[in-house]
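Note sheet for the following structure.
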Amino acid sequence: MYAAFNRRDVDAAFLPMSEAVSWPKASEGGRVVGKRDIRAYWSRQWAEFDPRVDVLDVVDREDGTVAVEVRQLVRSMHGDVLSDTELRHVYTFANGLIERMDIEDGAGTPDGPSTAFSAGA
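According to this note's numbering, the sequence shown is numbered sequentially starting from 2.
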């Protein structure tokens, strides 16, 4: 999924997700629900920023969620580094598909923009 996101291959990135997946809008704040709205959000994001997200570690949690430690490098459309951070994506599953993704980045505002984007804005 991360490799597909980095290639901007939305259809491949959507494969492990349910139709009603709830996704954080890391660059804008708030959430979107459903693949159509995620596609629109990612398209807006990619027009403003050039994010790359690489997996560092994956941890199965006792509560059934999966935490993915990632390095998120966000560049401007001109190639300037806006932020280079490590954070955690937490996935909730239902019927073997991703139902929800949350970001744990230490910002303390789960519905606000991620510090990975706001730091360079």
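Glycine included, every Cβ here is placed at the ideal spot set by N, Cα and C.
query = In the DSSP assignment, what residue or residues form a beta bridge with M124?
reply = Within the shown structure, residues of the chain are numbered from 2 to 122, placing residue 124 beyond reach of any answer.
request  = Might you give, ordered along the chain, the residues of its own chain that have their beta carbon closer than 6 Å to the beta carbon of P25, omitting 5 neighbours on each side?
outcome  = Walking along the sequence shown from the start, residue 25 turns up at place 24. Hits under 6 Å: R32, I104.
request  = For the alpha helix (DSSP H) containing A62, list its first residue and its last residue.
outcome  = Counted from its first residue, the sequence shown places residue 62 at position 61. In the sequence under discussion, the amino acid at residue 62 is Arg, which differs from the Ala named in the question. Segment: none, R62 is in no alpha helix (DSSP H) and carries neither H nor E.
request  = Would you grab the beta carbon distance between H90 and V71 for me? Rounded to a whole angstrom, and I think it's under 8 Å.
outcome  = By one-based count along the sequence shown, residue 90 stands at place 89. By one-based count along the sequence shown, residue 71 stands at place 70. With 8 Å as the limit, H90 and V71 qualify as a contact, their Cβ atoms being about 6 Å apart.
message = Within a Cβ cutoff of 6 Å, which residues of the same chain sit near A5, ignoring the five residues on either side of it in sequence?
response = Working through the sequence shown from its first residue, we reach residue 5 at position 4. Within the same chain, A5 has close Cβ partners A13, A14.
Cα-Cα separation between D64 and Y92, rounded to whole angstroms = Residue mapping note: residue 64 aligns to position 63 of the sequence shown, counting from 1. Residue mapping note: residue 92 aligns to position 91 of the sequence shown, counting from 1. Each residue's Cα considered, the two are about 11 Å apart.
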